[in-house]
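Undergrad: Numbering (this note's numbering), first residue to last: 8 to 265. C-beta: ideal position from N, C-alpha, C; glycine also.
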């Protein structure tokens with residue numbers, strides 16, 4: 008199993024997960040062109056997984072269905088995803104091209120956002136869309152800090168060996184913020200250098216692992232003394248709980264210019 012990252016727009020990734028017969032699951036095809044190019048190079052497209060309704064994650068689906076009528080598409084139950092799709096929700100299990108996935112509801116970035124977890128694929132794979140990024144998390148366009156914190160906490164409870172495949176190449180910009188929050192976090196410093204080396208070589212910084220994220224991503228570390236202390240300095244008082252720590256981190260990051 009060798010996942011492929013297809014670049015789309017400025018910083019999106021479309022993920023391809025091929026099976027032994029070279030038939031692939033496509034995750035969040037915001038553009039059709041990169042998928043067509045992969046197919047023209049010999050990959051068969053077998054199914055599509057969508058994490059949320061934003062156009063940069065679903066915009067290529069109509070063209071894919073035009074080329075491959077009847078292509079199975081799985082998506083959150085959301086009227087804003089106006090393509091033929093099998094609706095999925097929290098706790099559902101689906102099978103696509105021989106791979107099995109658990110659907111995890113992760114509201115926050117959008118109200119109907121889902122993630123797909125494949126426990127039996129390698130050491131585990133997680134397609135997190137725009138909920139959990141390497142060293143960061145998505146903006147709260149439709150959900151509350153409580154919802155997003157709960158969503159991230161659910162993902163953080165998956166095995167540490169799980170490989171994280173998210174929707175954007177944001178690792179270095181997220182690292183700049185994370186290092187302001189925890190400037191002495193050694194795993195974060197190592198991950199930042201690793202990511203810089205990857206980008207210098209024109210390689211994606213993904214996948215990460217959940218173990219790495221738990222050690223270095225401030226949005227998964229809202230119960231850690233150094234993160235709490237950083238938020239306390241911002242607020243001028245002790246935060247009431249982990250949700251307030253998260254809310255202030257997200258507000259801080261929203262205005263962060265690096």
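#1: Starting from the Cα of residue 131, find the closest Cα among 164, 264, 144, 142 and give me that residue.
#2: Determine the extent of the beta strand (DSSP E) in which residue 189 is found, giving its start and end residues.
#3: Over the uninterrupted beta strand (DSSP E) stretch that includes residue 101, give me the two end residues.
#4: Three or more C-beta pairs under 8 angstroms: does that hold for the stretch 225-239 against the stretch 187-198?
#5: Taking 7 angstroms as the limit between beta carbons, can you name the residues of its chain near residue 241, skipping five residues before and five after?
#6: Express the C-alpha separation of residue 233 and residue 19 in angstroms, rounding to a whole number.
#7: Could you tell me which of 154, 142, 32 sits nearest to residue 212, measuring between CA atoms?
#8: When the Cα atoms are used, what is the spatial distance from residue 11 to residue 175?
#9: Would residue 119 and residue 97 qualify as a contact pair, given that the criterion is a beta-carbon distance under 8 angstroms?
#10: Using 8 angstroms as the threshold, is the C-beta distance between residue 113 and residue 56 below it?
#11: Nearest-angstrom Cα distance between residue 65 and residue 15?
#12: By a C-beta neighbour count over all protein chains shown, 10 Å radius and 16 as the cutoff for buried, is residue 28 buried or exposed?
#13: Just the C-alpha distance for residue 36 and residue 137, rounded to the nearest angstrom, thanks.
#14: Could you tell me whether the Cβ atoms of residue 45 and residue 71 are closer together than 8 angstroms?
#15: Alpha carbon to alpha carbon, what distance is there between residue 235 and residue 123?
#16: Exposed or buried, what is residue 106 when buried is set at 16 or more other beta-carbons lying within 10 Å of its beta-carbon?
#17: Label residue 58 either buried or exposed according to how many other C-beta atoms from any shown protein chain fall within 10 Å of its C-beta, with 16 as the threshold for buried.
#18: Quick check: does the Cβ of residue 73 come within less than 7 angstroms of any heavy atom belonging to the ligand NAP?
#19: How many Å lie between residue 139 and residue 173 at the Cα?
#20: Considering only DSSP beta bridges, list what residue 144 is partnered with.
#21: Kindly indicate the opening and closing residues of the alpha helix (DSSP H) around residue 259.
#22: In this structure, how does DSSP classify residue 279 when only helix, strand and coil are distinguished?
#23: Residue 184 and residue 263 - do their beta-carbons sit closer together than 8 angstroms?
#24: First and last residue of the beta strand (DSSP E) that includes residue 107?
TA: In this structure, then:
#1: 164
#2: It is not in any beta strand (DSSP E) - residue 189 carries neither H nor E in the DSSP assignment.
#3: 100-103
#4: yes
#5: 255, 259
#6: 31 angstroms
#7: 142
#8: 14 angstroms
#9: no
#10: no
#11: 12 angstroms
#12: exposed
#13: 13 angstroms
#14: no
#15: 30 angstroms
#16: buried
#17: buried
#18: Of ligands this structure carries none, so the ligand NAP is not represented either.
#19: 7 angstroms
#20: 139
#21: 249-261
#22: No statement about residue 279 is possible, as the shown extent of the chain runs from 8 to 265 and does not include it.
#23: yes
#24: 106-112
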